[in-house]
Amino acid sequence: MKTKTVLMLFASIMVIVSCAPKTMTTVNKDQALFDSLLKVSTDAYNSGNPQEFVDFFTDDALRMINGRSFWGKDSILAFSKSMAPFVKNLKAYLGPTTLDQDLIQMQKYFTADIIKGKSILKGQGLATFVWKKQADNSWKIVLEIENYSIKPY
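Mind the numbering: the sequence shown is residues 11 to 163 in the working numbering, read in order.
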């Protein structure tokens with residue numbers, strides 16, 4: 011009977027510990043990571059060099075934009091090169107984001123200026139990213155799902 015009581019006590023402690031909320035230090039550290047990934051990827055996109063942005067993707071990443079799929083870094087780069095001359099002033103705002111061991115699910119709202127001839131249109135949308143921690147402790151995007159709309163100012 012004592013063994014059963016000890017096991018029950020141990021199991022109860024494990025449940026309590028696993029359900030304990032994150033400390034403020036952990037929450038702040040996670041938030042700093044999320045903010046950093048959003049900033050460096052947005053800055054890379056705004057650099058005008060598609061390769062800088064695409065470097066954040068894994069070799070086998072999937073990027074889905076308004077229902078179109080781009081598999082692998084080469085396909086993502088080709089699409090990014092076709093869009094770079096027309097998308098300017100991207101601004102991104104962090105939405106709900108979670109960290110689960112080696113994966114981050116990040117949602118963002120974004121706006122951008124879309125150049126069409128001599129006109130500037132307003133682009134806006136939502137995107138979900140899944141970032142995966144790499145062996146060298148860097149983070150790379152394995153999945154992006156983006157939906158956006160464009161309208162005149």
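Note that CB positions come from ideal geometry on N, CA and C, so glycine has one too.
**Item:** Cβ contact check for the segment 63 to 76 and the segment 116 to 134: 3 or more pairs under 8 Å
**Value:** Short answer: they don't touch.
**Prompt:** Taking the alpha helix (DSSP H) that F89 falls in, what are its first and last residues?
**Reply:** Segment G82 to M93, the alpha helix (DSSP H) holding F89.
**Item:** For P162 and K83, the rounded distance between their alpha carbons
**Value:** Each residue's Cα considered, the two are about 32 Å apart.
**Message:** Between the alpha carbons of L87 and R78, how many angstroms are there, rounded?
**Reply:** Taking C-alpha positions only, L87 is separated from R78 by approximately 14 Å.
**Asked** Of the choices T121, T138, S57 and I151, whose alpha-carbon is the least far from that of D112?
**Response** Proximity to D112 across T121, T138, S57 and I151 peaks at I151, based on C-alpha coordinates.
**Asked** When DSSP labels each residue in this structure, what does N38 get in the three-state scheme?
**Response** DSSP, reduced to helix, strand and coil, places N38 within a helical segment of the structure shown.
**Prompt:** Can you give the beta carbon distance from M164 to F44, rounded, assuming they're within the 8 Å contact cut?
**Reply:** Since the first residue of the chain shown is 11 and the last is 163, residue 164 is not available in this structure.
**Neighbour-count burial assignment, W141, 16 or more Cβ in a 10 Å radius** = Its Cβ being crowded by 16 or more others within 10 Å, W141 is buried.
**Message:** Excluding the 5 residues flanking L48 on each side, which residues of the same chain have their C-beta closer than 8 Å to its C-beta?
**Reply:** Here the set comprises A102, L104, M116 and K118.
**Prompt:** Span of the beta strand (DSSP E) holding Q111?
**Reply:** Run containing Q111: none; DSSP gives neither H nor E here.
**Message:** Only counting the same chain, and skipping five residues up and downstream in sequence, which positions put a Cβ closer than 6 Å to that of I160?
**Reply:** The answer, listed in chain order, is I124, L131 and G133.
**Asked** Near Y158, which residues of its chain fall below 6 Å by C-beta distance, leaving aside the five closest residues on each side in sequence?
**Response** For Y158, the CB contacts under 6 Å within the same chain, skipping 5 residues up- and downstream, are G133 and G135 in chain order.
**Prompt:** Are the Cβ atoms of F63 and S90 separated by less than 8 Å?
**Reply:** Between F63 and S90, the gap from beta carbon to beta carbon is short of 8 Å.
**Asked** Residue range of the alpha helix (DSSP H) that F139 falls in?
**Response** Where F139 is concerned, there is no enclosing alpha helix (DSSP H), although the beta strand (DSSP E) it sits in stretches over S129 to K143.
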